[in-house]
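Taken in order, the sequence shown gives residues 811 to 1120; the numbers are from this note's numbering. Idealized CB from N, CA, C, for every residue including glycine. Structure first, then comments.
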Amino acid sequence: MALYKLISPNEYTSLLKSSTARIVSVDASWHMPNTGRSGSKEYFEGPRLPNSIFFDIDDVKDENSEFPHMLPTLSIFNKKLSELGLLPNDTLVIYDKIGNFASPRAAWTFTTMGHKGNVYLLNNYNDYVKLSKEDPKSYNLDYSSVNKITSLPKTQYVVQETFVKDQVLSFNDVKQLVDSGDIKNYNFFDARALPRFLGSAPEPRPGLTSGHIPGVQPLPFLSLLDPETKGFLPNKELKANILSFFKENGVEFDKEKPTLTMCGTGVTGCIIKTALEEADLVKSSKLYDGSWTEWATIFKNDPKYIIKAK
């Protein structure tokens, strides 16, 4: 099961009233480079949840990796969270302006790296905004402009135990599964849009081929979200959508097999990871952090490692 929990806008407002722990709202908005949007710019301009900080997945990352927003080392994680003014026991409520896009990745990062306090994923910001228009006192939003990503004083944030081994799949792990044929013993799903998975549409990153890893099957993340708000569908509907997609697209699924997920750069893979766990279809799963960008950069168009539909 996920190390973080989904929380509705109603549950979030109740938490603010009842919790004895310090609650910090975390804007983790991130946008693809081709959208022209900036998560930090929108955070600075507002609106945002009250008392929010901004968490940038392109800043809190492995600085030695050539691939985008790879999971940070423990020393980088501790350093960056100290600069944000967080404490290991803070209760965090993660959200993003799209609804659910980068926020599952951020929630996964906090819990995988061993944050000790409760971590909640708001499902979702757009629902909260709608409620705020109807009842601004109960669902408060901060419309002021700010010029820094946190108003909290610097701390000495330190955690030492992580869940990386339980949550993360490396490039070498995946290559070994492909080379040995053991990949058949796993449910392995790719969150990218079906045309990119099949190799019939280009990747958004220039020069990167499309296609998929042998033995990996598709599960496009957009099919699991409300088309308007981009919130996760209710659990029963979520489960039905997943199983329906599997049936309609000939995707094999065995609940008894361990499950792995991936995407373009390890962001939307966290969406399908969360969805599979929320729908109670898998007990736990791991994310291939480097995902397609790492795999396709290394193997380019090698037909042994990159499959395209004929």
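Under DSSP, LYS1096 shares a beta bridge with LEU1070.
PRO1113 and LYS958 have their C-alpha atoms some 47 Å from each other. Within the DSSP bridge table, the entry for LEU979 names TYR1098 as partners. Rounded to the nearest whole angstrom, the C-alpha separation of VAL834 and TYR814 is 15 Å.
Taking ASP869 as the centre and dropping the five residues before and after it, the same chain places the C-beta of LYS890 closer than 8 Å to its C-beta, in chain order. Taking all protein chains shown into account, ILE1116 has 16 or more neighbouring C-beta atoms within 10 Å of its C-beta and is therefore buried. Per DSSP, reduced to three states, the secondary structure at LYS994 is helical. Within its own chain, the residues whose Cβ lies closer than 7 Å to the Cβ of PRO1012, once the five positions on either side in sequence are excluded, are SER1020, listed in chain order. Taking C-alpha positions only, ALA912 is separated from VAL1077 by approximately 6 Å. Looking at the DSSP output, HIS1022 shares a beta bridge with ILE1117. Residue range 901-905 is occupied by the beta strand (DSSP E) that includes TYR905, with no alpha helix (DSSP H) assigned at that position. If you draw a 10 Å sphere on the C-beta of PHE998, you find 16 or more other C-beta atoms in it, and that means buried. Between SER955 and GLY856, the beta carbon gap of about 6 Å places them in contact (Cβ cut-off 8 Å). Cβ-Cβ distances below 8 Å link ASN933 to LEU816, ILE817, SER818, ASN910, GLY1041, PHE1042 in the same chain, with the five nearest sequence neighbours on each side left out; the list follows chain order. Sorting LEU941, SER980, VAL968 by C-alpha distance to the C-alpha of LYS926 places VAL968 at the top. Straight through space, the alpha carbons of LEU881 and HIS1022 are spaced by roughly 22 Å.
Contact between the segment 850-866 and the segment 826-842 is present: 3 or more CB-CB pairs across the two stretches fall below 8 Å. It is roughly 27 Å from the alpha-carbon of TYR905 to the alpha-carbon of PHE1007.
For TYR853, the enclosing alpha helix (DSSP H) covers residues 849-855. Per DSSP, SER948 lies in no alpha helix (DSSP H) and is assigned neither H nor E.
At least 8 Å separates the beta-carbon of SER1095 from that of THR1075. In the DSSP annotation of this structure, ILE817 is not part of any alpha helix (DSSP H); the continuous beta strand (DSSP E) holding it starts and ends at 815-817. With at least 16 other beta carbons inside 10 angstroms of its own, GLY1100 counts as buried. When secondary structure is reduced to three states using DSSP, PHE999 falls in the strand class. For TYR938, the closest C-alpha among the options THR901, LYS907, GLN986, LYS1093 is that of LYS907.
Around the Cβ of ILE863, a 10 Å sphere holds 16 or more other Cβ atoms; the residue is buried. Counting other Cβ atoms within 10 Å of its Cβ, SER828 stays below 16 and is therefore classed as exposed. Under the three-state reduction of DSSP, LEU1048 is assigned to helix. Within the same chain, PHE877, PHE981 come within 7 Å of GLU1104 by CB-CB distance, once the 5 residues on both sides are set aside.
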